[in-house]
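This report refers to the structure that appears directly beneath it.
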Amino acid sequence: MPVVFIPTPMRDLTGGEATVTVEGEFVRDVIDALDRRYPGIKDRLCRGDALVPGLQVCIDDTMTRRGLNARLAPQSEVHFLPPIGGG
Amino acid sequence: MAHTEELYLGKKSYNVIGTRPIRHDGADKVTGKAVYTSDLHLPNLAHGKILRSPHAHARIKSIDVSEALQVPGVFAVVTHDDFPDLENKVANLGEAGMVNLLELGANCLAKGKVLYKGHAVAAVAAASTHVAEEAVLKIKVEYEVLPSVTWVLDAMAPTAPILHENLRTDFMGKKEDKPTNVALHLQFEKGNIAEGFQSADVIVEREFKTASVHQGYIEPHVTVALWNEDSRLKIWTSTQGSFVCRQQVAELLGIAVSQCVVVPCEIGGGFGGKIAVYLEPVAALLSRKCGRPVKMSMQRNEVFEGTGPTPGSFMRVKIGAKKDGTLVAGEAWLAYDCGGFPGGVIGPGCMCVFSCYEFPNAKVDGFDVLNNKPHTQAYRAPGATQAAFACEQVIDELAAKLNIDPIEFRLKNAAKEGTRRVDGPVYPRVGFIECLEAAKNSPHWKTPLTGKNRGRGIAAGFWFNIGCASSCSASVNDDGRVTLVEGSTDIGGSRTSIAMQLAETLGIGAHDVQPQVADTDSVGYTFLTGGSRVTFATGLAAYQLGLDLQGQMKQRAAEIWGCGADTIKVENGNYSHNGHTLSFKQLAAKVAENGLPPVVGRASVAPEGSTNAFGVHIADVEVDPETGKVTVLRYTSVQDAGKAIHPSYVEGQLQGGAVQGIGWALNEEYFYDDKNQMRNASFLDYRMPTCLDVPMIETIIVEVPNPTHPYGVRGVGETPIVAPPATIANAVHAATGCRMTSLPISPPVLWKAISTKA
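Protein sequence lines correspond, in order, to chains A and B.
In this text, residue positions in the first sequence follow our numbering: the first is -1, and each later residue adds one.
In this text, residue positions in the second sequence follow our numbering: the first is 6, and each later residue adds one.
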């Protein structure tokens, strides 16, 4: 199952857990699963049907712009990070 | 050149990649024939001028434009009220992310308040620049001057003047309940830093600060807008991203993107500063109002005071190590200013501060802080240079305390494949160790430095490469030359590096491809030129385009020879079947002779993810103890390029980044007086280095191929600026014994430090 790395400021919702293993084929699935286990976490990660502005999903070592629709492999790591742009 | 892995995807050598052809735009550039936006002179052209705030922070009580409109030759005046209602609208600008249009619009023309000196307030279009300049002086603005703040820590204080009353600190979804200038608090944590520091034998902790600096591109912002009677808006401009420019302008003006075409003219530098729009929507509003094309260009003081510099910062970094040199814990507290509007570069700053090393335990807190300075923008590896200035000096000090060679200390702790960063992700194959080894074996490092008041410094730097969408198309001409149309604006020679990748794929010469950068109506969506992405992502598109063209050429050959396309072999641009062989050029001619359909190809890609680029820099300096002046005697920049498509361009990026970083280290700063007015908004007083200030920058290209690109490319444009300030600071410490913790290390600052130490 994918492993979600909980952003440090959100660990108040997970009882301090830094990583959580949940079922999910897409990022939106794992967020829903997280929210069922730790109510309120979806509100902190999502606005409407998208990630909150200022967050980007990183799957393993790959920053993806597909957001909630990004597909996961069974052993994927999921990170929520600030977006990277550049000059 | 250090070839770590020459072989990639079974290809032992390349015909075009790795060579140094003359750049395709070279003749136009050196003969002055390249067309920049300033060169445009359209019929009935009007000239625009901006009225800017004289105050760092003030409420706008009223704006009276009536007298300006009476000036003969004035065609139109606009203020923020001419924008459509942008209230609370957050636009999804695709890959450029979510942008608060109210803030973007209020940065282009102030709404209710001015938030920094130089903030645009109103604009005039007139028959000439002189008339426009006269008319802006007739605009009467009544201000209520407010207290202001420009130093990041002062802006965080509870008593600080508040820029936006409605702003609340966002701590990843948790909002504070009091008005503040702290827009964002980020936090990353890995392991247990308390236990980590407890296990350390040596700990170094220091505080650092850096001044705001500007990208300093030679060409000021300039644009021409024509809003036609058919509601089509055409913009010629100097931009790093024609499609991103189009998106911003269309959203701000409330029109569909298909109503707007952006023509990217040649660009005289950007470095991250020509992504956000400033003049484009204002010129468009003026054009709509007066029915003429409107040209607007900034003077240098407007560039400094009205466009985005990089943040000023305060940083505290603490690192612990074991006696054998193993790093055990790192802690960083970073506050970066973002100017008058939220949304700076604290995110990547936090992600980069410890990114060069393996830290089992680490914690990073970062703060995005508003103050009365222009809204910050990207500047080559945004946020990473400040962080490296802090981290790399602490690393240097730890190595010295442990009596370990600074390169060996870095090698012992270097990030490598499998290293988990403090922000979470694990590195794939990266080339940091190879860069350190190349530095260790360099002629520079192996040559002893002798002489009084001299010192040698070394530091490392890291930056990401992003992917994002790129498109290109091409047609094969009868003479066998290929016309390539791409969407990446060329700020650093990318036309040639993209053309070379297409040429390599097709097995033809670099100059058999004629590249051109097209407007937004003439090529598919292409994300901006930035994030060290173009040679990687648009290069990938060119590779796929080459495969498309090659497939079509095989089909044409099959028709000529009456065989199946799958029976045709292609090698080095030669197409052969059953004893027949035609070169690419011969086949192109046959296609025309035989009346076959022309060969026209296209490709669009959106590669996921990032690659990672590391660099290591070495500097020798000599310090004049009487004046504090630092002379850079020798400088070497080492970087992993994955695969250098055009080595001269890679070397140029390494050299340019090093020189900009040396300027950042030694001289450059936004100098504010006690009224928070910038006092050095010209190149006379804002001291950028010239060729007289720096030695020839030596370069070493390391090639550890990026496995996600067919030719192994990693972007190289940004990493070169990350290490220089730390490198120079470490060299200055070696020369003087003074640990310089603030930038710039200007002569008076260093002289004072030397004098105090003595």
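Glycine residues also receive a C-beta, built at the ideal position from the N, C-alpha and C atoms.
Over the uninterrupted beta strand (DSSP E) stretch that includes residue i, give me the two end residues.
i	result
residue 68 of chain B	63 to 69
residue 326 of chain B	318 to 326
residue 138 of chain B	Run containing residue 138 of chain B: none in the beta strand (DSSP E); it sits in the alpha helix (DSSP H), 134 to 141.
residue 470 of chain B	459 to 470
residue 4 of chain A	Note, residue 4 of chain A: premise wrong, no beta strand (DSSP E); not H, not E.
residue 718 of chain B	Premise fails: residue 718 of chain B is in no beta strand (DSSP E) and is neither H nor E.
residue 622 of chain B	616 to 628
residue 232 of chain B	227 to 232
residue 396 of chain B	Unbroken run through residue 396 of chain B is the alpha helix (DSSP H), 389 to 406; no beta strand (DSSP E).
residue 18 of chain A	17 to 19
residue 61 of chain A	60 to 62
For residue i, report the span of its alpha helix (DSSP H) as first-last.
i	result
residue 658 of chain B	652 to 671
residue 557 of chain B	544 to 566
residue 29 of chain B	Unbroken run through residue 29 of chain B: none, as it is neither H nor E.
residue 414 of chain B	411 to 418
residue 248 of chain B	247 to 258
residue 356 of chain B	351 to 357
residue 735 of chain B	729 to 741
residue 201 of chain B	198 to 203
residue 5 of chain B	In this structure chain B extends from 6 to 763, so residue 5 of chain B is not present and cannot be described.
residue 68 of chain A	Taken as a continuous stretch (DSSP letters only), residue 68 of chain A belongs to no alpha helix (DSSP H), as it is neither H nor E.
For residue i, I'd like the list of residues in its chain whose CB is within less than 7 Å of its CB, leaving aside the five on either flank, ordered along the chain.
i	result
residue 565 of chain B	595, 599
residue -1 of chain A	19, 20, 21, 72
residue 4 of chain B	Past the edges of chain B, shown from 6 to 763, lies residue 4 of chain B, and the structure says nothing about it.
residue 438 of chain B	416, 419, 421
residue 69 of chain A	23, 24
Tell me which residues share the same chain as residue i and place their Cβ nearer than 8 Å to its Cβ, disregarding the 5 neighbours each side in the sequence.
i	result
residue 573 of chain B	559, 562, 563, 566, 580, 581, 582
residue 8 of chain B	Only weak support is given to the placement of residue 8 of chain B: the predicted model assigns it a pLDDT of 44, under 50, and the question is left unresolved by the model.
Since residue i sits in a beta bridge, which residues does DSSP pair it with?
i	result
residue 371 of chain B	B/191, B/339
residue 683 of chain B	B/677
residue 362 of chain B	B/419
residue 764 of chain B	There is simply no residue 764 of chain B to check, as chain B begins at 6 and stops at 763 in what is shown.
residue 265 of chain B	B/238
residue 306 of chain B	The partner list for residue 306 of chain B (beta bridge, DSSP) is empty, contrary to what the question assumes.
residue 520 of chain B	B/489
Hey, would you say residue i sits closer than 7 Å to residue j, going by beta carbons?
i	j	result
residue 460 of chain B	residue 728 of chain B	no
residue 546 of chain B	residue 477 of chain B	yes
residue 134 of chain B	residue 218 of chain B	no
residue 497 of chain B	residue 722 of chain B	yes
residue 643 of chain B	residue 705 of chain B	yes
residue 621 of chain B	residue 444 of chain B	yes
residue 222 of chain B	residue 274 of chain B	yes
residue 216 of chain B	residue 748 of chain B	yes
residue 299 of chain B	residue 250 of chain B	no
residue 344 of chain B	residue 378 of chain B	yes
residue 454 of chain B	residue 625 of chain B	yes
residue 726 of chain B	residue 640 of chain B	no
residue 373 of chain B	residue 165 of chain B	no
Near residue i, what residues of its chain come up, given a Cβ to Cβ distance below 6 Å and the 5 sequence neighbours on each side ignored?
i	result
residue 495 of chain B	522
residue 428 of chain B	193, 356
residue 284 of chain B	226, 228, 301
residue 123 of chain B	57, 310, 311
residue 529 of chain B	476, 609
residue 14 of chain B	With a pLDDT of 45 at residue 14 of chain B, under the threshold of 50, the modelled position of that residue is not reliable, and no figure is offered here.
residue 480 of chain B	488, 605
residue 616 of chain B	470, 711, 719
residue 6 of chain B	Here the model assigns residue 6 of chain B a pLDDT of 46, short of 50, so the residue's position is not dependable, and the following value carries that caveat. For residue 6 of chain B, where only same-chain residues beyond five positions count, the Cβ hits under 6 Å are 706.
residue 360 of chain B	426, 467
residue 402 of chain B	209
- [ ] Could you run through the stretch 425 to 452 of chain B and flag, in chain order, every residue whose CB is less than 7 Å away from some CB of chain A?
- [x] 428, 429, 430, 431, 432, 433
Task: Residues of the stretch 534 to 548 of chain B with Cβ closer than 8 Å to any Cβ of chain A, in chain order - done: 535, 536, 537, 538
Task: Residues, ordered as in the chain, of the stretch 165 to 183 of chain B that lie near chain A by beta-carbon distance below 7 Å - done: 176, 177, 178, 179
Open item on the list: Output needed in chain order: residues of the stretch 373 to 388 of chain B with a Cβ under 9 Å from some Cβ in chain A.
Closed with: 382, 383, 384, 385, 386, 387
Task: Interfacial residues, the stretch 345 to 359 of chain B to chain A, with Cβ spacing under 9 Å - done: 348, 350, 351, 352, 353, 355, 356
- [ ] Anything in the stretch 188 to 205 of chain B with a Cβ closer than 8 Å to a Cβ of chain A? List those residues in chain order, please.
- [x] 189, 190, 191, 192, 193, 194
Task: Cβ-based contacts, 7 Å cut-off: residues of the stretch 255 to 286 of chain B near chain A - done: 276, 277
Open item on the list: Please identify, using Cβ separations under 7 Å, the residues of the stretch -1 to 10 of chain A that lie next to chain B, in order along the chain.
Closed with: 3, 5, 6, 7, 8
TODO: Could you run through the stretch 52 to 64 of chain A and flag, in chain order, every residue whose CB is less than 9 Å away from some CB of chain B?
DONE: 52, 53, 54, 56, 57, 58, 59, 60, 61, 62, 63, 64
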